[in-house]
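Presented below is the structure to which this report refers.
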Amino acid sequence: MTSLLWFKRDLRLADHPALAAAMQHGPVLPLYIVEPGYWRGTDTSARQWVFTAECLADLQAALGALGQPLVVRTGEAVAILRELCARHGIRRLFSHEETGNLWTYARDRRVGAWARAAGIEWRELPQSGVVRRLQSRDGWAARRERFVSAGVLPGPAALAPLPGIEPGRIPTAAELGRVPDVCPGRQQGGRSAALELLESFLTERGEDYRAAMASPVTGEQACSRLSPHLALGTLSVREAVDAVKAARAQGGTLAQGGGARAAGDRAEAAIARAWRASLKSFESRLAWRDHFMQKLEDEPAIETRCLHPATEGLRPREPDAARLAAWQRGETGIPFVDACMRYLTHTGWLNFRMRSMLMAVASYHLWLDWRATGPHLARLFTDYEPGIHWSQCQMQSGTTGINTLRIYNPVKQGLEQDPDGQFTRRWVPELAEVPDSFLQQPWLWPAAGRLLGTTYPAPIVDVAAAARAAREQMWALRKDGAFASEAARVARRHASRKDRQGHFVNDREGQTSRPAATDGKPKRQRSPRSRANDAQLGLDF
DNA sequence: AGTGCAGTTGACTTT
DNA sequence: TAAAGTCAACTGCAC
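Residue numbers for the first sequence, in my numbering: 289 to 829.
What follows is the structure in structure tokens.
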């Protein structure tokens, strides 16, 4: 009997647990449902759709080569599933466990209700370290580690053709009712793009990842750029982890000998050290990715509600329209903020630290509610991943209650991350005549009068005064007695478990059972503090 | 050559 | 993945 594999944000064939499971039950009908309701959301955009459509075209070709092309249908999920199941006598439905936004969560509940009523078995399988119906965060990291270390699943060699099914067409953004969203620097979708990025990152681009990721200038090349592929599933997290582990096992780089970088340019040892640090850092960030997605899995409401209820009324729910518009357009008059926003608008990507800064400036300096600003950023990100996005929006706005406040100074960030001003000048050409020493604070330039308010806006807020005011508000709130106990509740539910070194406590679980070293050297005693059952809550994450 | 001092650096604390 | 403030140790330099 035919099973139906419902593709969602898992647009690949390799390392696909749901596809592998479906294949064990005979012929498989591979389906993708284009859902206009989802694409009408305030957090979705044409650029995301076009990237998705490229991934779908690629998947369609790959499946076609295996014997059964991808079936694409546009409409409401329950109606489409009902129709296909009825017409083809399908009783079994497979998909991955999607940790999506509130829209897909509600849709999945409708699908679940329909499947139960119709007597259809719907099996959802995890595709990452995120755990459904997690009872406690204790032990989570070890559990995730087991999943990502279990080995990648091979893709199918062939699919049995199912006669008489129209493959269907992949619609355009316009057909989904989305105005085109100009994004000239957008990344290319599809499996081969993902594999090329993985390869080039692990053999060439990633050497300075650890040091270079903080700046939008160096981060563009040195970051993996895999994020949209992980978000749409053209590459699985486990495949990425697997590849990084392999690279680390080879002592840092896969580019042994053949690297374009001339030998002797830098000492070999220094290169190896940089690779080790970068790969370790990248692997750890892949773990943080699952950690943040787990928060949304556990509490889908973090898309709309402040994690710490006391922060709920902090900022006006109705945002200051002028400030919001200036921030969105990259016209705040704060050069580095505007440069980052314009770059993001143009490319659909921005390095992590600058994303944090954009959010922090909106939430603290401009005092805008994250629910007004979050959707704008979501739409600009080709790699929009709800679990990471909403967790981060709240974290950079101080509404989780469990993280230390990170009020970025956009002038300082500009000076440090764009020291020669090249990036700022490229994206804010209005500042061409401003000398280097005033680039990040043109309002201090004695000749600023002929520029500000005409060619380029005067700063929409006084950067220093606005930060001070925000800090005072936030700390006043935290002084309240009830704040801490409520924060502790949030931490129990959502915080990572860390030891004193700041590592996931449970990452070490495997080591505790390992037999003692036989080389006679006494191993340093594991501190009892680092035991999982005595875990400290990782209040910084 | 030792002393005083302004300025710098880094670790640590506070907001 | 913060920033600013504090303080002690340190540095360079004039005398």
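Every residue, glycine too, gets a C-beta built ideally from N, C-alpha and C.
Legend entry - Where Ile321 falls: helix, strand or coil (DSSP): In this structure, Ile321 counts as strand in the three-state DSSP scheme.
Inset, instruction - Check whether the Cβ atoms of Glu600 and Cys594 lie closer than 8 Å to each other. - result: Glu600 places its beta carbon less than 8 Å from that of Cys594.
Inset, instruction - Hey, could you find the ends of the beta strand (DSSP E) Trp294 is sitting in? - result: First-last of the beta strand (DSSP E) with Trp294: Ser291 to Phe295.
Inset, instruction - Along the alpha helix (DSSP H) that carries Phe382, what are the first and last residues, could you check? - result: For Phe382, no alpha helix (DSSP H) run applies; the uninterrupted beta strand (DSSP E) run containing it begins and ends at Arg380 to His384, by DSSP.
Legend entry - C-alpha gap between Ala446 and Cys343, whole angstroms: Cα-Cα distance, rounded: 20 Å.
Inset, instruction - Specify the secondary structure class of Glu409 as computed by DSSP and reduced to three states. - result: Here Glu409 sits in strand by DSSP.
Inset, instruction - Could you check the C-alpha separation between Leu242 and Gly456 for me, to the nearest Å? - result: Since the first residue of the chain shown is 289 and the last is 829, residue 242 is not available in this structure.
Inset, instruction - Determine the closest residue to Ala306 out of Arg411, Trp337, Gly407 and Trp402, with distance taken between C-alpha atoms. - result: Distance check between Ala306 and each of Arg411, Trp337, Gly407 and Trp402 places Arg411 closest, using alpha-carbon atoms only.
Legend entry - Residue from His376, Arg526 and Val359 whose Cα sits closest to the Cα of Arg432: For Arg432, the nearest C-alpha among the options comes from Arg526.
Inset, instruction - Could you tell me which residues DSSP puts in a beta bridge with Thr362? - result: Secondary-structure assignment with DSSP links Thr362 through a beta bridge to Val322.
Legend entry - Close-in-space but distant-in-sequence residues of the same chain around Gln616 (CB under 7 Å, 5 per side omitted): Only residues of its own chain outside the window of five on either side were considered, and among them His664 have a CB closer than 7 Å to the CB of Gln616, listed in chain order.
Inset, instruction - Starting from the Cα of Arg605, find the closest Cα among Arg738, Leu523 and Ala660 and give me that residue. - result: For Arg605, the nearest C-alpha among the options comes from Ala660.
Inset, instruction - Go through its chain and collect everything with a Cβ distance to Ser644's Cβ below 6 Å, but skip five positions before and after it. - result: Shown here for Ser644: same chain residues with a beta carbon closer than 6 Å to its own, the five before and five after excluded, namely Gln684 in chain order.
Inset, instruction - Might you give, ordered along the chain, the residues of its own chain that have their beta carbon closer than 7 Å to the beta carbon of Ala403, omitting 5 neighbours on each side? - result: Excluding residues within five positions, the ones whose Cβ falls inside 7 Å are Leu381 and Trp410.
Legend entry - Other residues of its chain near Pro588: CB distance less than 7 Å, five sequence neighbours each side excluded: Taking Pro588 as the centre and dropping the five residues before and after it, the same chain places the C-beta of Leu390 and Tyr393 closer than 7 Å to its C-beta, in chain order.
Legend entry - Sequence-distant residues of its chain with Cβ nearer than 8 Å to Phe580 (five each side left out): Closer than 8 Å at Cβ, skipping near neighbours: Gly675, Ile676, Ser679 and Gln680.
Inset, instruction - Give the DSSP bridge partners of Tyr744, in chain order. - result: As a beta-bridge residue in DSSP terms, Tyr744 pairs with Leu740.
Legend entry - Close-in-space but distant-in-sequence residues of the same chain around Ala310 (CB under 7 Å, 5 per side omitted): Excluding positions up to five away in sequence, the list reads Ser291, Leu293, Val316 and Phe382.
Legend entry - 8 Å Cβ cutoff met for Pro318 and Phe295: Cβ distance < 8 Å, so Pro318 and Phe295 count as in contact.
Legend entry - Through-space distance from Ser515 to Asn639, alpha-carbon basis: When rounded, the distance between both Cα atoms is 11 Å.
Legend entry - Whole-Å CB distance - Pro607 paired with Val716, under 8 Å assumed: No, Pro607 and Val716 are not in contact; Cβ-Cβ is about 24 Å, not under 8 Å.
Legend entry - Cβ pair Leu483, Ala528 closer than 8 Å: For Leu483 and Ala528, no; Cβs fall outside 8 Å.
Inset, instruction - Can you have a look at Gln356 and say buried or exposed, based on whether 16 or more other CB atoms are within 10 angstroms of its CB? - result: The residue is buried, with at least 16 neighbouring Cβ atoms inside 10 Å.
Inset, instruction - Going by CA-CA distance only, name the one from Trp563, Leu656, Asp530 and Ala405 that's closest to Gly494. - result: Ranking Trp563, Leu656, Asp530 and Ala405 by CA distance to the CA of Gly494 puts Trp563 first.
Inset, instruction - Assign Glu454 to buried or exposed, taking buried as 16 or more other Cβ atoms, counted over all protein chains shown, within 10 Å of its Cβ. - result: The residue in question, Glu454, is exposed, as its Cβ has fewer than 16 Cβ neighbours within 10 Å.
Inset, instruction - Tell me whether the beta-carbon of Thr332 lies closer than 8 Å to the beta-carbon of Arg667. - result: Taking 8 Å as the Cβ cut-off, Thr332 and Arg667 qualify as a contacting pair.
Inset, instruction - Could you tell me the distance, in whole angstroms, from the CA atom of Ser651 to the CA atom of Trp658? - result: C-alpha separation (whole angstroms): 6 Å.
Legend entry - 8 Å Cβ shell around Leu358 - same chain, five flanking residues per side excluded: Within the same chain, Leu358 has close Cβ partners Phe295, Pro318, Leu319, Tyr320, Leu344, Leu347, Gln348, Leu351, Gly352 and Pro455.
Legend entry - Best match in His384, Lys700, Ala406 and Gln729 for proximity to Glu371 [C-alpha to C-alpha]: Ranking His384, Lys700, Ala406 and Gln729 by Cα distance to Glu371 puts Ala406 first.
Legend entry - Opening and closing residue of the alpha helix (DSSP H) in which Cys628 lies: First-last of the alpha helix (DSSP H) with Cys628: Pro623 to Thr635.
Legend entry - Pro472 burial status per 10 Å Cβ neighbour count (16 or more: buried): Classification of Pro472: exposed, given that the 10 Å Cβ count is below 16.
Inset, instruction - Could you spell out the range, first to last residue, of the alpha helix (DSSP H) harbouring Thr661? - result: In the DSSP assignment, Thr661 falls within the unbroken alpha helix (DSSP H) covering Trp658 to Leu668.
Legend entry - Exposed unless 16 or more other CB atoms sit within 10 angstroms - verdict on Met289: The C-beta of Met289 has fewer than 16 other C-beta atoms within 10 Å across all chains shown, which makes the residue exposed.
Inset, instruction - Could you check the C-alpha separation between Gln729 and Arg738 for me, to the nearest Å? - result: Answer to the nearest angstrom: the Cα atoms are 15 Å apart.
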